[in-house]
Amino acid sequence: MSGKYIMSFDAGTTSVRAIIFDKESHVVSVAQKEFEQIYPKPGWVEHNPIEIWSAQVGVASEAMAKAGVTYEDIEAIGITNQRETTIVWDKHTGQPVYNGIVWQCRRTADYCNSISDHKKSIKEKTGLVLDPYFSATKLKWILDNVEGARERAEKGDLLFGTVETWLIWKLTKGAAHITDYSNASRTMLFNIKTLEWDEDILKFLDIPKEMLPKPVPNSMIYGETSPEFFGGRIRIAGAAGDQQAALFGQKCFEIGDLKNTYGTGCFLLMNVGETPVFSDESLVTTVAWGLNGKVNYALEGSVFIGGAVVKWLRDEMGMIVNVADTNELAMKVNDTNGCYVVPAFTGLGAPYWKPEARGIICGLTRGVNRYHIIRASLDSIAYQVNDIIEAMQKCFDGHVNKLRVDGGASKNDYLMQTQADLSNVSVIRPANVETTALGAAYLAGLAVGFWKDTNEISVENGDASEFVPKIEPGKRSDMLKGWKDAVGMLI
Numbered sequence: 002m003s004g005k006y007i008m009s010f011d012a013g014t015t016s017v018r019a020i021i022f023d024k025e026s027h028v029v030s031v032a033q034k035e036f037e038q039i040y041p042k043p044g045w046v047e048h049n050p051i052e053i054w055s056a057q058v059g060v061a062s063e064a065m066a067k068a069g070v071t072y073e074d075i076e077a078i079g080i081t082n083q084r085e086t087t088i089v090w091d092k093h094t095g096q097p098v099y100n101g102i103v104w105q106c107r108r109t110a111d112y113c114n115s116i117s118d119h120k121k122s123i124k125e126k127t128g129l130v131l132d133p134y135f136s137a138t139k140l141k142w143i144l145d146n147v148e149g150a151r152e153r154a155e156k157g158d159l160l161f162g163t164v165e166t167w168l169i170w171k172l173t174k175g176a177a178h179i180t181d182y183s184n185a186s187r188t189m190l191f192n193i194k195t196l197e198w199d200e201d202i203l204k205f206l207d208i209p210k211e212m213l214p215k216p217v218p219n220s221m222i223y224g225e226t227s228p229e230f231f232g233g234r235i236r237i238a239g240a241a242g243d244q245q246a247a248l249f250g251q252k253c254f255e256i257g258d259l260k261n262t263y264g265t266g267c268f269l270l271m272n273v274g275e276t277p278v279f280s281d282e283s284l285v286t287t288v289a290w291g292l293n294g295k296v297n298y299a300l301e302g303s304v305f306i307g308g309a310v311v312k313w314l315r316d317e318m319g320m321i322v323n324v325a326d327t328n329e330l331a332m333k334v335n336d337t338n339g340c341y342v343v344p345a346f347t348g349l350g351a352p353y354w355k356p357e358a359r360g361i362i363c364g365l366t367r368g369v370n371r372y373h374i375i376r377a378s379l380d381s382i383a384y385q386v387n388d389i390i391e392a393m394q395k396c397f398d399g400h401v402n403k404l405r406v407d408g409g410a411s412k413n414d415y416l417m418q419t420q421a422d423l424s425n426v427s428v429i430r431p432a433n434v435e436t437t438a439l440g441a442a443y444l445a446g447l448a449v450g451f452w453k454d455t456n457e458i459s460v461e462n463g464d465a466s467e468f469v470p471k472i473e474p475g476k477r478s479d480m481l482k483g484w485k486d487a488v489g490m491l492i
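So the sequence shown is numbered by our numbering: it starts at 2 and just counts up by one.
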């Protein structure tokens, strides 16, 4: 019996979700469960892998029950996940040897600084900047600091994986120990040109290759779930890191296609095609996806403080009561009256990479009121995204297509229009904003023939909103110069 639906597992940083989609990409049911955030020391962040696993299986069963479907109705499962988070477990018992070390964790910062001489070669091979953000030094920390871990790893008794690897291994009862290309490319151990684990980096970091999963494309049948979980076997046929999944879910299939996720921070990815493009502008190069025997690459830039600036206005400054009010409040004035907010609360991300920078409000005069500051705060999100777009244009010959957007702050019409004006690009907000889970569903569905090809899924699901540039070029130039001057005070 052929299934009617695709189920996505969205294993995020604070919660796990299961979403069931039909062939028209409509959401049939959703279930979600939060899990504990563990902070053993300042700057350290951990998750309990067993809690993630049990919560994910639980929400999957709940979503199926809500939709009134059985395993026979599910054609395949696609998985998307928080990237870089590092899990090590015993291959015989399935028990983690330590908590998962989360992508946010900074415990290996001193070690990364101590090996800074290697940053050029690491970027040439992996596309990544040398940073504790990525999995490699987290894995080394576990091997060096958990009693007996290195010896057990060298004997072949321990396995490593990011969250999708862990879930697939558990779902298949250990039959599949794999990682998809997109997640592998976030470990700082993966050569994105050869699509293999890099022997030199493994040797330098003293990481046994035997514990690493097999890198595989993002759309293929990896295995089947053990019948005990959902009453029967369901194929697992797609996986991608959350930002790459969103790029795919936004249907950014052409070179120059661009998506930005407006969350607490912002993640901007551009499809650069089948040849990796390396940036001199402090962007990272990553695998977007492997599909139909081909690999697409992406440039990626991150903004540390995106939508979080609006919560700052509410929680710390008391300028707003509800986040949703900012759209209306920003429109109460015609401009920012020369005021700029640079929300470098935790430093500046790409393309500046100034972790020591701190936020400022500048251009204050007697006439500046709270509406100007609210408007300037929203503008700061668009300016930071535009900085990354400009950096991408510099290393990609200015070829940028429309900007597709998702995430909570993308619901703000004022912000989306400002983004279109500042970046001089049309901004497309899809009707279905579940783009991350949808990307994983598409990858799984393509592998099993649920969707024939990317042309079949390229049709818009519902009415998208489009914001086109309306600003005069001279005004755009003046606004951008004012922003650059403001950022210049910090760098």
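The beta-carbon is built from N, C-alpha and C at its ideal position, and this holds for glycine as well.
| Check | Outcome |
| --- | --- |
| Rounded separation between Y6 and D23 - CA only | 5 Å |
| Residue burial classification, K212 (beta-carbon count within 10 angstroms, cutoff 16) | Note that residue 212 corresponds to Met in the displayed sequence, not to Lys. It is buried - the Cβ of M212 has at least 16 other Cβ atoms within 10 Å. |
| Nearest-angstrom Cβ-Cβ length linking V406 and V428, presumed shorter than 8 Å | 6 Å |
| Under 9 Å between C-beta atoms of I472 and A238 | no |
| Alpha-carbon spacing of A246 relative to R84, whole angstroms | 11 Å |
| Distance, S220 Cα to I202 Cα | 27 Å |
| Nearest to P133 (by Cα), restricted to the options K174, V488, W90, L190 | L190 |
| Nearest residue (CA-CA) to T287, options D207, I123, A421, Y353 | I123 |
| For S16, the three-state DSSP class (helix, strand or coil) | strand |
| Cβ-based burial, Q38 [other Cβ within 10 Å; buried from 16] | exposed |
| For V98, the nearest candidate out of C106, E47, E76 (CA to CA) | E47 |
| With 16 other Cβ atoms within 10 Å as the buried cut-off, status of V469 | exposed |
| Proximal residues to F397 (C-beta, below 8 Å), its chain only, five neighbours per side dropped | G257, M271, V273, V278, L300 |
| M8 classed as buried or exposed, judged by whether at least 16 other C-beta atoms fall within 10 angstroms | buried |
| Meets three-Cβ-pair contact criterion under 8 Å: the stretch 440-457 and the stretch 477-484 | no |
| Chain-order list of residues whose beta-carbon lies under 8 Å from that of R315 (same chain, five-residue window excluded) | I321, V322, N323, V324 |
| Nearest neighbour of D145, chosen from C106, L160, L196, L206 [CA to CA] | L206 |
| 8 Å CB neighbourhood of K355 in its chain, flanking five on each side removed | A345, G348, L349, L491, I492 |
| Y263 - DSSP class collapsed to helix/strand/coil | strand |
| Contact check, V17 vs I75, beta carbons under 9 Å | no |
| Any 3 or more C-beta pairs closer than 8 Å across the stretch 169-186 and the stretch 105-116 | no |
| Terminal residues of the beta strand (DSSP E) in which R405 lies | 404-407 |
| Assigned exposure category for H27 - 16 Cβ within 10 Å defines buried | exposed |
| Contact check, A68 vs V29, beta carbons under 9 Å | yes |
| Buried versus exposed, by CB contacts within 10 Å (16 or more), H93 | exposed |
| Own chain residues within Cβ distance below 7 Å of G250, not counting five before or after | T436, T437, L439, G440, Y443 |
| Residues of its chain near S459, where Cβ-Cβ distance is below 6 Å and the 5 sequence neighbours each way are ignored | K252 |
| Host alpha helix (DSSP H) of W170 (start-end) | 164-172 |
| Proximity of R367 and D336 at Cβ, strictly below 9 Å | no |
| Rounded straight-line distance, which links the Cα of K120 to that of P1 | In the structure as shown, the chain begins at 2 and stops at 492. Residue 1 is therefore absent and cannot be evaluated. |
| For C363, the residue or residues it bridges with in DSSP | Y341 |
| Bridge partner(s) assigned by DSSP for D91 | L159 |
| Segments of 3+ residues assigned as beta strand (DSSP E) that fall wholly inside the stretch 82-136 | 88-91 |
| Separation of D414 from F254, as counted between CA atoms | 26 Å |
| As assigned by DSSP and simplified to three states, the class of W1 | Any question about residue 1 goes unanswered here, given that the chain covers just 2 to 492. |
| Continuous beta strand (DSSP E) stretch holding V334: start and end | Neither: V334 is in no beta strand (DSSP E) and is coded neither H nor E. |
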